[in-house]
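Residue numbers (my numbering), protein chains in the order written: chain A, 1 to 100; chain B, 1 to 100. Here the structure comes first, spelled out in structure tokens, and everything after it is commentary.
Number of protein chains: 2
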Amino acid sequence: MSTLGLKLRELREQAGLSLRKAAMQVDIDVAVLSKMERGERKFSKELVLKLADLYKANSDQLVIDFLSEKVLYELEDEDFGLEALKVAEKQMKYKKQKNV
Amino acid sequence: MSTLGLKLRELREQAGLSLRKAAMQVDIDVAVLSKMERGERKFSKELVLKLADLYKANSDQLVIDFLSEKVLYELEDEDFGLEALKVAEKQMKYKKQKNV
DNA sequence: TTACCTTTGACAAAATAAGTCAACACTAAA
DNA sequence: TTTAGTGTTGACTTATTTTGTCAAAGGTAA
Numbered sequence: 001m002s003t004l005g006l007k008l009r010e011l012r013e014q015a016g017l018s019l020r021k022a023a024m025q026v027d028i029d030v031a032v033l034s035k036m037e038r039g040e041r042k043f044s045k046e047l048v049l050k051l052a053d054l055y056k057a058n059s060d061q062l063v064i065d066f067l068s069e070k071v072l073y074e075l076e077d078e079d080f081g082l083e084a085l086k087v088a089e090k091q092m093k094y095k096k097q098k099n100v
Numbered sequence: 001m002s003t004l005g006l007k008l009r010e011l012r013e014q015a016g017l018s019l020r021k022a023a024m025q026v027d028i029d030v031a032v033l034s035k036m037e038r039g040e041r042k043f044s045k046e047l048v049l050k051l052a053d054l055y056k057a058n059s060d061q062l063v064i065d066f067l068s069e070k071v072l073y074e075l076e077d078e079d080f081g082l083e084a085l086k087v088a089e090k091q092m093k094y095k096k097q098k099n100v
């Protein structure tokens, strides 16, 4: 289901950390991390960064996944989701170029 | 600032409706509609549809603008916003194709 | 003045998200 | 068969965000 959750779970396991220990390190409740890894609760960007750091993983792609998931969540079941993404992309490029 | 707000304001004026009257027709407070048209508050999709109907305008592009604005709002000031959009697009296409 | 118009800010209420906790079920080692 | 570890669940509280309501202001024109 959740790409980000899966990835972070794998990274945690690769780092040899239990859910409890990882949660403690980043200062959240175990229950919450468990739910986040299984896509039952949303990550925050800050937490993603903390976890990337803890797992010694590169955070860029994780942040991209985080944002992308957030966007997809907003657009799920929308008939014009794809069109909306294209418009958003166009506007973002414009803004970037124009520095608005 | 807000494309959608501007568009809906223009449509309202073209329909010859005052803010008060339009707001009354769609059953919201004038203050709220005023703020929405100026981008100070967010539209809901339902309201966009109601307004499109009231102004006798085609709602498709308005809904696309609405969604796109929502997405851009989530991604504003994000370094990886564009990358996130691309990932989201890819996943959405995949989902659509696979019917997941 | 009167009668409209839009905008503003302050506040209350409702809805969502985030945090906390205790208990459960499972596995494996002692 | 205890003990200690694992992850999961649900109920609950608290905090934050969003939404709705209202009154008043300032503008314009008859």
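Note that the Cβ used here is the ideal one computed from N, Cα and C, for glycine as well.
By the C-beta density criterion, R12/B is buried, having at least 16 other C-beta atoms within 10 angstroms.
According to the DSSP assignment, I64/B belongs to the alpha helix (DSSP H) that extends over 59-75.
In summary, A31/B is exposed, with fewer than 16 beta-carbon neighbours lying within 10 Å of its beta-carbon over all protein chains present.
For the pair A15/B and S68/A, the CB atoms are not nearer than the 8 Å cut-off. Around L75/B, the beta-carbon contacts reaching into chain A at under 9 Å are L67, K70, V71, A88, M92.
Within chain B, the residues placing a beta-carbon under 8 Å from that of G81/A are L67, M92, ordered along the chain.
Chain order gives no chain B residues near V30/A, where near means a beta carbon separation below 9 Å; the closest approach is about 28 Å.
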